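K.L.:
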Amino acid sequence: MHCKCSRKCLNEIIHSLQFKKNIGINKESPLSIGQTLSSSNGVYELGFFSFNNSENHYLGIWFKGIIPRVVVWVANRENPVTDSTANLAISSNASLLLYNGKHGVAWSSGETLASNGSRAELSDTGNLIVIDNFSGRTLWQSFDHLGDTMLPFSALMYNLATGEKQVLTSWKSYTDPAVGDFVLQITTQVPTQALTMRGSKPYWRSGPWAKTRFTGVPLMDDSFTNPLSLQQDANGSGSLTYLNRNFKLPRIVITSKGSLEISRHSGTDWVLNFVAPAHSCDYYGVCGPFGICVKSVCKCFKGFIPKYIEEWKRGNWTDGCVRRTKLHCQENSTKKDANFFHPVANIKPPDFYEFASAVDAEGCYKICLHNCSCLAFSYIHGIGCLIWNQDFMDTVQFSAGGEILSIRLARSELGGNKRKKTITASIVSLSLFLILGSTAFGFWRYRVKHNASQDAPKYDLEPQDVSGSYLFEMNTIQTATNNFSLSNKLGQGGFGSVYKGKLQDGKEIAVKRLSSSSGQGKEEFMNEIVLISKLQHKNLVRILGCCIEGEERLLIYEFMLNKSLDTFLFEDILEIISGEKISRFSYGKEEKTLIAYAWESWCETGGVDLLDKDVADSCRPLEVERCIQIGLLCVQHQPADRPNTLELMSMLTTTSDLPSPKQPTFVVHWRDDESSSKDLITVNEMTKSVILGR
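So the sequence shown is numbered by my numbering: it starts at 5 and just counts up by one.
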């Protein structure tokens, strides 16, 4: 049998896969509740089913032997039968009739071609067919009346001449097969694209078909085994057929939630091969006209600005962007070379495209150039030339794959000579100002330090500076801390070490010994002793005194039984986030730091999984991703890569483009049992203490 891929050919293939031996349903043998009809290969089964033992029964087809039951087609979606005597019969004019007992006909397959005798069978493809007993012709088939599921050899189609259309319609809910909110169809555009509608509004779009793939689905690259075949002709008809790729129990379904899913059965469970929409950028028109969705964040194309800037800042992007500079050809200008085309890579082609005849990319460019209404063009392998005469809608930029979209912009967007001169002059002036300002500031700092070093003794303190505190002798502190023994050491900070001590009267103290190599620490010492000595509160650690002898600078505090305040401020929060205690050293094992954990989370999910599940529903994923990205920029290894305060404020209060953070320099902790290192390390042990008042 030789034929081109057409509906006639498809029917012949389906017919050839019918039962070898099967009585089926005829006038003498209807199908009643409790009875089933199986395909000859034992894969599919036709019968009555209900949900949760309800009295409402539906006639449907499902995968035989798969638990839980997966229904692929339902006859009486809107009208379940309730009578226990309900049955499916075939009439003398070859119509399938579902009788609801004494309540009459609940569903009918409709009028068919005249027949002197017919029967209904379930084919090996899962297609319920009515066959003429004499000619063997297919008079009716369920594949022409799809529900929410496509099986191999079924098809979505349209015919502009007849108005015929075949689509998938979702169920109302998981337990209600009535027609739901979502419809999956192929469009009448050339080339066509798959489109999910939610009511009258687009919900998801595949991008135009390019011979073996949908251009808006990056998964469909050269390594993808495509299960679809498209046919379009000049007479205004087209069909998208689901082919059998030798997978076990494959299916395409539009769920009651609007998800398009392609799955197969592994023998033990269902394997999901594709789902759409999968990300926030997949939802139709999320960034509005002339907006482009990049990693869940909306941006404007070059040469465009947000239509409503305040709404855009608030994350309401649906109004999209508008052109910053009008095109000269739209102003009937006679200027030569008034426009240019700016290429943007890795693009899901926008909606509202038109096919144009062009032999190559150069020809496509010329077609758009000489048409002032043409706003952009793209020459796509497998399609040819597409042009856009309307607003760009539903545009996405992928991290890889996609097409090149060349958009028309006014020449001024490149920056003319006058603008270049202005910018150059501004940069030069600003640079000179910064150089002079930096020089003056540096000279002033030098004079201040020089005068201070000459006019003031080196950090000598007067008794009035430490009023209310006691001046300890050095030998008293040495005795109390056992000469600053390591066994008395509590920890080490940026300005020195802290030791536990015990005075002769039995009072326990904490001694902060300033590091002699820390010049900044001496300033810190002066600030701390002057200020803290004057700040006494029952909830603040109390300073008992100080010790100043030679280069030694010591602060003496009351000893806090429950260690540092961070125990009460943070408890287990950071430990829970990172999965490990903070800066805890393990033996023979590499651990992630909190920054490393945040980096991996941002790369994989945009940082959304860092959210506590109790607050996840109240947060916008796009805002979370932006905050994590800003946080990673603030911990970059190179200072030049970190935002300053003004830049940080701009990042937090606007939706401007953010630079991509580089992978932070992680500190990976190792301990080698054979290491001879004598370095001391501090472990911040997390404790849980009972808080008692003084």
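For each residue, glycine too, the CB sits at the ideal point set by N, CA and C. Model, not experiment: these values are computed from the prediction.
State the Cα-Cα distance for the pair I513 and L507, rounded to the nearest angstrom.
P.N.:
What you label residue 513 is simply residue 509 of the sequence shown in a count that begins at 1. What you label residue 507 is simply residue 503 of the sequence shown in a count that begins at 1. About 7 Å.
K.L.:
Quick test of the definition: if touching needs 3 or more C-beta pairs under 8 Å, does the segment 112 to 130 touch the segment 44 to 56?
P.N.:
These segments touch.
K.L.:
Pairing CB atoms from the segment 280 to 290 with CB atoms from the segment 367 to 384, are three or more of them under 8 Å?
P.N.:
Per the Cβ contact rule, the segment 280 to 290 is not in contact with the segment 367 to 384 (fewer than 3 Cβ pairs under 8 Å).
K.L.:
Does I632 pass the burial test, meaning 16 or more other C-beta atoms within 10 Å, or should it be called exposed?
P.N.:
Position 628 of the sequence shown holds residue 632. Per the 10 Å Cβ criterion, buried.
K.L.:
By DSSP's criteria, T40 is part of a beta bridge. Which residues make up the other side?
P.N.:
As a working note, residue 40 is residue 36 in the sequence shown. In the DSSP output, where bridge partners are listed per residue, T40 has G51.
K.L.:
What span of residues does the beta strand (DSSP E) with V75 cover, start to end?
P.N.:
As a first step, residue 75 is located in the sequence shown; it is residue number 71 there, counting from the start. Run containing V75: 75 to 78, per the beta strand (DSSP E) assignment.
K.L.:
Going by DSSP, what residues sit across from I296 in a beta bridge?
P.N.:
Locating residue 296 in the sequence shown gives position 292, counting from the first residue. Looking at the DSSP assignment, I296 forms a beta bridge with K303, T399.
K.L.:
Only counting the same chain, and skipping five residues up and downstream in sequence, which positions put a Cβ closer than 6 Å to that of V78?
P.N.:
Here residue 78 is taken as the residue at index 74 of the sequence shown, counted from 1. The residues are Y62, G64, G151, P181.
K.L.:
Roughly how many angstroms separate the alpha carbons of M564 and N486, rounded to a whole number?
P.N.:
As a first step, residue 564 is located in the sequence shown; it is residue number 560 there, counting from the start. As a first step, residue 486 is located in the sequence shown; it is residue number 482 there, counting from the start. Approximately 19 Å between the Cα atoms of the pair.
K.L.:
Which complete alpha helix (DSSP H) runs does the segment 599 to 662 hold, if anything under 4 residues is left out?
P.N.:
617 to 620, 625 to 638, 649 to 657
K.L.:
Determine the extent of the alpha helix (DSSP H) in which I371 is found, giving its start and end residues.
P.N.:
Stepping through the sequence shown from its first residue, residue 371 is reached at position 367. Under the DSSP assignment, I371 falls in the alpha helix (DSSP H) whose first and last residues are 365 to 373.
K.L.:
In chain order, what are the residue ranges of uninterrupted alpha helix (DSSP H) at least 4 long that sit wholly in the segment 478 to 513?
P.N.:
With a minimum length of 4 residues, the continuous alpha helix (DSSP H) runs that stay inside the segment 478 to 513 are 478 to 484.
K.L.:
So S263 and G184 are supposed to be a Cβ contact under 8 Å. How far apart are they, rounded?
P.N.:
The residue given as residue 263 occupies position 259 in the sequence shown. The residue given as residue 184 occupies position 180 in the sequence shown. Wrong, their Cβ atoms sit about 12 Å apart, outside the cutoff.
K.L.:
Report all residues from its chain with a CB closer than 7 Å to the CB of W321; omit the five preceding and five following residues, and keep chain order.
P.N.:
Locating residue 321 in the sequence shown gives position 317, where the first residue counts as 1. V290, C291, G292, G295, C302, listed in sequence order.
K.L.:
So, is D355 buried or exposed, given that buried needs 16 or more other C-beta atoms within 10 angstroms?
P.N.:
The sequence position of residue 355 within the sequence shown is 351, counting from 1. Looking at its Cβ environment, which holds 16 or more other Cβ atoms inside 10 Å, D355 is buried.
K.L.:
Within a Cβ cutoff of 6 Å, which residues of the same chain sit near Q524, ignoring the five residues on either side of it in sequence?
P.N.:
For the purposes of this step, residue 524 is taken as the residue at position 520 of the sequence shown. Annotation note: pLDDT 49 at Q524 (below 50); position unreliable, coordinate value reported separately. So the list is empty, once near-sequence residues are dropped.
K.L.:
Indicate the three-state DSSP secondary structure (helix, strand or coil) for C376 in the structure shown.
P.N.:
If you number the sequence shown from 1, residue 376 lands on position 372. It is coil, neither helix nor strand.
K.L.:
Could you check which residue in I371, K215, P222 has the C-alpha nearest to that of L234?
P.N.:
As a working mapping, residue 234 is identified with position 230 in the sequence shown. Cα-wise, what sits closest to L234 is K215.
K.L.:
Specify the secondary structure class of L223 as computed by DSSP and reduced to three states.
P.N.:
Taking the sequence shown and counting its residues from 1, one reaches residue 223 at position 219. Looking at L223 - three-state DSSP - the assignment turns out to be coil, as it is neither helix nor strand.
K.L.:
Consult DSSP for D152 and reduce its assignment to one of helix, strand or coil.
P.N.:
Working through the sequence shown from its first residue, we reach residue 152 at position 148. In the structure shown, D152 sits in coil (DSSP, three-state: anything other than H, G, I, E or B).
K.L.:
Write down the C-beta distance between G635 and A602 rounded to the nearest angstrom, noting that I regard them as a contact closer than 8 Å.
P.N.:
Start at 1 with the first residue of the sequence shown, and residue 635 comes out as number 631. Start at 1 with the first residue of the sequence shown, and residue 602 comes out as number 598. With 8 Å as the limit, G635 and A602 qualify as a contact, their Cβ atoms being about 7 Å apart.
K.L.:
Straight-line CA distance for N56 to E604?
P.N.:
Within the sequence shown, residue 56 is the residue found at index 52, counting from 1. Within the sequence shown, residue 604 is the residue found at index 600, counting from 1. Spanning the two alpha carbons is a distance of roughly 44 Å.
K.L.:
When the Cα atoms are used, what is the spatial distance from G324 to T399?
P.N.:
For this step, residue 324 is matched to residue 320 along the sequence shown. For this step, residue 399 is matched to residue 395 along the sequence shown. If you take the alpha carbons of G324 and T399, they lie about 11 Å apart.
K.L.:
Assuming the contact rule is C-beta atoms closer than 8 Å, E407 and I351 should be a hit. Round their C-beta distance to whole Å, please.
P.N.:
In the sequence shown, the residue the question calls residue 407 occupies position 403. In the sequence shown, the residue the question calls residue 351 occupies position 347. Yes, they are in contact, since the Cβ atoms of E407 and I351 sit about 5 Å apart, within 8 Å.
K.L.:
Under three-state DSSP, which class holds L418?
P.N.:
The sequence position of residue 418 within the sequence shown is 414, counting from 1. In this structure, L418 counts as helix in the three-state DSSP scheme.
K.L.:
Report yes if the CB atom of S416 is closer than 8 Å to the CB atom of N393, and no otherwise.
P.N.:
For the purposes of this step, residue 416 is identified with residue 412 of the sequence shown, where counting begins at 1. For the purposes of this step, residue 393 is identified with residue 389 of the sequence shown, where counting begins at 1. Cβ distance not < 8 Å, so S416 and N393 don't count as in contact.
K.L.:
How many Å lie between E315 and V326 at the Cα?
P.N.:
Residue mapping note: residue 315 aligns to position 311 of the sequence shown, counting from 1. Residue mapping note: residue 326 aligns to position 322 of the sequence shown, counting from 1. Straight-line Cα distance between these residues: approximately 14 Å.
K.L.:
What are the start and end residues of the alpha helix (DSSP H) that includes K317?
P.N.:
If you number the sequence shown from 1, residue 317 lands on position 313. Start and end: 313 to 317.
K.L.:
Mind checking who W213 pairs with in its DSSP beta bridge?
P.N.:
Taking the first residue of the sequence shown as 1, we reach residue 213 at position 209. Answer is F218.
K.L.:
Taking only three categories from DSSP, how would you classify G720?
P.N.:
Not covered by the structure: residue 720. The range shown for the chain is 5 to 698.
K.L.:
Closest to D148 by CA distance: which of R141, S139, S158 is it?
P.N.:
Numbered from its first residue, the sequence shown carries residue 148 at position 144. When each option's Cα is compared against that of D148, the closest is S158.
K.L.:
What three-state label does DSSP hand F563 in the structure shown?
P.N.:
Numbered from its first residue, the sequence shown carries residue 563 at position 559. Looking at F563 - three-state DSSP - the assignment turns out to be coil, as it is neither helix nor strand.
K.L.:
What does a CB cutoff of less than 8 Å around L615 pick up in its chain, not counting 5 residues either side in sequence?
P.N.:
Within the sequence shown, residue 615 is the residue found at index 611, counting from 1. The residues are C623, V628.
K.L.:
Under the three-state reduction of DSSP, which class applies to H107: helix, strand or coil?
P.N.:
Residue numbering aside, residue 107 sits at position 103 when the sequence shown is read from its first letter. Looking at H107 - three-state DSSP - the assignment turns out to be helix.
K.L.:
CB P625 to CB S300, shorter than 8 Å?
P.N.:
Here the question's residue 625 lines up with position 621 in the sequence shown. Here the question's residue 300 lines up with position 296 in the sequence shown. Taking 8 Å as the Cβ cut-off, P625 and S300 qualify as a contacting pair.
K.L.:
State yes or no: is the C-beta of L143 within less than 8 Å of the C-beta of S122?
P.N.:
For the purposes of this step, residue 143 is taken as residue 139 along the sequence shown, with counting starting at 1. For the purposes of this step, residue 122 is taken as residue 118 along the sequence shown, with counting starting at 1. Yes, the pair counts as a contact, with Cβ atoms nearer than the cut-off.
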